[in-house]
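Student:
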Amino acid sequence: MLLLSEKDIKKSLSMEEAINVIEEAFLKYANNDFVMPARTFSKVKDEDTLLIMPCFVDDCIGLKVVTSYPSNNTTNNPVTQGLVLLNNRETGDPLAIINGSVLTAIKTAAVSGVAMRFFMKEAETVGLIGTGLQGMYQLLAAVSSTSVKTIYIFNRSSEKTEKFIQEFRTISKSDIEIIPVLDKTELVRNSQIIITTTTSVSPVLPEISGLYENKLIVGVGSYKSNMRELPQTLFEDLDYYYIDSEQGKKECGDIIDPLKRGWVKENQIVLLSDLLKGGLKAPQNTNPIVFKTVSMALFDAYIGNYVFKKAKELGIGQEFKL
Numbered sequence: 001m002l003l004l005s006e007k008d009i010k011k012s013l014s015m016e017e018a019i020n021v022i023e024e025a026f027l028k029y030a031n032n033d034f035v036m037p038a039r040t041f042s043k044v045k046d047e048d049t050l051l052i053m054p055c056f057v058d059d060c061i062g063l064k065v066v067t068s069y070p071s072n073n074t075t076n077n078p079v080t081q082g083l084v085l086l087n088n089r090e091t092g093d094p095l096a097i098i099n100g101s102v103l104t105a106i107k108t109a110a111v112s113g114v115a116m117r118f119f120m121k122e123a124e125t126v127g128l129i130g131t132g133l134q135g136m137y138q139l140l141a142a143v144s145s146t147s148v149k150t151i152y153i154f155n156r157s158s159e160k161t162e163k164f165i166q167e168f169r170t171i172s173k174s175d176i177e178i179i180p181v182l183d184k185t186e187l188v189r190n191s192q193i194i195i196t197t198t199t200s201v202s203p204v205l206p207e208i209s210g211l212y213e214n215k216l217i218v219g220v221g222s223y224k225s226n227m228r229e230l231p232q233t234l235f236e237d238l239d240y241y242y243i244d245s246e247q248g249k250k251e252c253g254d255i256i257d258p259l260k261r262g263w264v265k266e267n268q269i270v271l272l273s274d275l276l277k278g279g280l281k282a283p284q285n286t287n288p289i290v291f292k293t294v295s296m297a298l299f300d301a302y303i304g305n306y307v308f309k310k311a312k313e314l315g316i317g318q319e320f321k322l
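As numbered in UniProt numbering, residues 1 to 322 make up the sequence shown, in order.
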């Protein structure tokens with residue numbers, strides 16, 4: 001059995017590689033080439049949650065066990081932590097235990113990277129709201145999937161922003177211009193792509209009509225029914241609302257609320273996998289494009305299996321017996 005740490009994962013997988021792997025997983029989803037039991041949410045306390053996410057794909061069984069603790073925002077502990085477990089699908093033999101925190105961050109960012117590359121790969125400006133671990137990897141995905149030259153970052157704490165910027169420069173080895181802003185409207189106006197990675201229960205983007213023309217908005221943070229990052233006005237001029245999985249309609253407030261309130265119709269919601277498969281084309285106009293990811297176990301199992309095989313090939317990780 002193989003144990004893969006954060007360092008092992010980073011040695012085995014580049015962000016560009018991750019984006020390509022997740023695009024393959026989208027096509028698996030489009031072709032229904034997987035088995036994915038419903039994921040379960042268990043409330044631990046307040047908004048702190050345990051998620052169990054199984055999936056069978058290709059030759060592996062993948063199971064992600066992850067905790068999401070928004071209460072950790074007030075401490076130095078990560079909001080999201082977890083493990084990905086892999087078993088052989090044919091025999092049931094345990095194969096690997098993988099650091100789920102970093103794999104999740106890379107995977108989720110790669111999902112956004114697929115969308116950014118598909119909808120706006122020539123974009124030169126990106127705005128980010130939410131400067132946690134996920135925000136860091138979202139920017140790495142933007143760098144790998146677009147032509148970004150300038151990044152705008154919103155955070156009310158200048159100290160946290162500066163720390164985030166320094167860490168991004170260290171990880172990305174990039175000299176891309178990064179501009180901290182204290183006004184979200186300024187961030188949106190200056191950015192072609194806007195990414196939100198918060199655990200907010202109310203919209204984090206401005207309610208200003210017409211502000212989002214020619215923009216791609218990538219909603220990442222909300223994953224439960226009471227969570228919302230996206231404002232009502234964003235849905236006024238949408239042609240379609242792009243999502244990564246059907247389960248988001250049942251789980252995520254940024255999809256449930258717009259449907260319930262009539263801001264968007266069921267026939268406007270389109271799976272990104274259907275676009276990638278080639279059956280549909282994105283509209284060519286000035287209306288905003290919105291992509292919402294809630295992710296799914298298929299992505300975790302698929303990229304986990306890829307990392308496991310790559311690590312075995314490279315001789316990375318720690319072998320052990322149970």
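From the three backbone atoms N, C-alpha and C, an ideal C-beta is built for every residue, glycine too.
What you are looking at is a predicted structure, and each value in this text was computed from that prediction instead of being measured.
CB-CB under 7 Å to G82, same chain, minus the five flanking residues each way: which ones, in chain order?
Tutor: Excluding positions up to five away in sequence, the list reads K64, V65, V66, T67, G100, S101 and T104.
Student: I need the straight-line Cα distance from N155 to S172, nearest angstrom please.
Tutor: Using only the alpha carbons, I get a separation of about 20 Å.
Student: Can you tell me the Cβ-Cβ gap for P231 and P203, rounded? I've got them flagged as a contact below 8 Å.
Tutor: Contact holds; Cβ gap of about 4 Å.
Student: Quick one: using the 10 Å Cβ neighbour count with 16 as the cut-off for buried, is N31 buried or exposed?
Tutor: Counting Cβ neighbours within 10 Å, N31 comes out exposed, since fewer than 16 surround it.
Student: Can you list, in chain order, the residues of its chain with a C-beta nearer than 6 Å to that of Y152? Leave out the 5 residues immediately preceding and following it.
Tutor: Only G127, I179, V181, L187, N190 and S191 meet the Cβ criterion.
Student: In the DSSP assignment, what residue or residues form a beta bridge with L83?
Tutor: Note: L83 sits in a beta bridge opposite V65 and N99.
Student: How would you call G253, buried or exposed, if buried means at least 16 neighbouring beta carbons within 10 angstroms?
Tutor: By the 10 Å Cβ count, G253 comes out buried.
Student: My output table needs one value for D300: the three-state DSSP class, helix, strand or coil.
Tutor: Helix.
Student: Grab me the residues of I272's own chain with a C-beta within less than 8 Å of its C-beta, minus the 5 sequence neighbours each way, in chain order.
Tutor: The question names Ile, but residue 272 in the sequence shown is Leu. Closer than 8 Å at the Cβ level, and outside the excluded window around L272, lie F26, V114, A115, F118, Y242, I243, D244 and F291.
Student: Take V220 and list the residues in its own chain whose beta-carbon comes closer than 7 Å to its own, dropping the five residues that flank it on each side.
Tutor: T108, S112, Q134, Q138, I195, T196, T197 and T293.
Student: For T131, is the classification buried or exposed, using 16 other Cβ atoms within 10 angstroms of its Cβ as the cut-off for buried?
Tutor: Buried: at least 16 other Cβ atoms inside 10 Å.
Student: Inspect the CB distances between the region 50-63 and the region 33-42 and report whether three or more fall short of 8 Å.
Tutor: Judged by Cβ distances under 8 Å, the region 50-63 makes contact with the region 33-42, as three or more pairs qualify.
Student: Does K215 pass the burial test, meaning 16 or more other C-beta atoms within 10 Å, or should it be called exposed?
Tutor: Answer is buried; the Cβ neighbour count reaches 16.
Student: Can you check DSSP and say which residues form a bridge with C252?
Tutor: C252 pairs with nothing; no bridge assigned.
Student: Does DSSP classify N88 as helix, strand or coil?
Tutor: Three-state DSSP puts N88 in a strand.
Student: Just reading off the alpha helix (DSSP H) that G135 is part of, what are its end residues?
Tutor: From DSSP, the alpha helix (DSSP H) with G135 extends over L133 to S145.
Student: Can you name, in chain order, every residue of its own chain whose Cβ lies under 6 Å from the Cβ of K310, other than the five neighbours on each side?
Tutor: Contacts found: S12.
Student: Over the uninterrupted alpha helix (DSSP H) stretch that includes T161, give me the two end residues.
Tutor: That run of the alpha helix (DSSP H) goes S158 to S172.
Student: From which residue to which residue does the beta strand (DSSP E) around E177 run?
Tutor: Its beta strand (DSSP E) spans residues E177 to V181.
Student: Tell me which residues share the same chain as F320 and place their Cβ nearer than 7 Å to its Cβ, disregarding the 5 neighbours each side in the sequence.
Tutor: Here the set comprises M1 and L3.
Student: For the beta strand (DSSP E) containing D244, list its first residue and its last residue.
Tutor: That residue, D244, is in no beta strand (DSSP E); it is neither H nor E in DSSP.
Student: Which residue comes first and which comes last in the alpha helix (DSSP H) that contains I316?
Tutor: Where I316 is concerned, there is no enclosing alpha helix (DSSP H), given that its DSSP letter is neither H nor E.
Student: Take I289 and list the residues in its own chain whose beta-carbon comes closer than 6 Å to its own, dropping the five residues that flank it on each side.
Tutor: F119 and L216.
Student: Under the rule that 16 or more other beta-carbon atoms within 10 Å means buried, what is N73, buried or exposed?
Tutor: Exposed: under 16 other Cβ atoms inside 10 Å.
Student: I need the boundaries of the alpha helix (DSSP H) containing S273, first residue and last residue.
Tutor: First-last of the alpha helix (DSSP H) with S273: L272 to K277.
Student: Let me know the secondary structure DSSP gives D93 once reduced to three states.
Tutor: Residue state, collapsed to three classes: coil.
Student: Grab the span of the beta strand (DSSP E) containing Y29 for me, first residue to last.
Tutor: Where Y29 is concerned, there is no enclosing beta strand (DSSP E), although the alpha helix (DSSP H) it sits in stretches over M15 to A30.
Student: Give me whichever residues DSSP pairs with L218 in a beta bridge.
Tutor: Residue identity check: residue 218 is Val in the sequence provided, not Leu. According to DSSP, which records beta bridges pairwise, V218 is partnered with I195 and F291.
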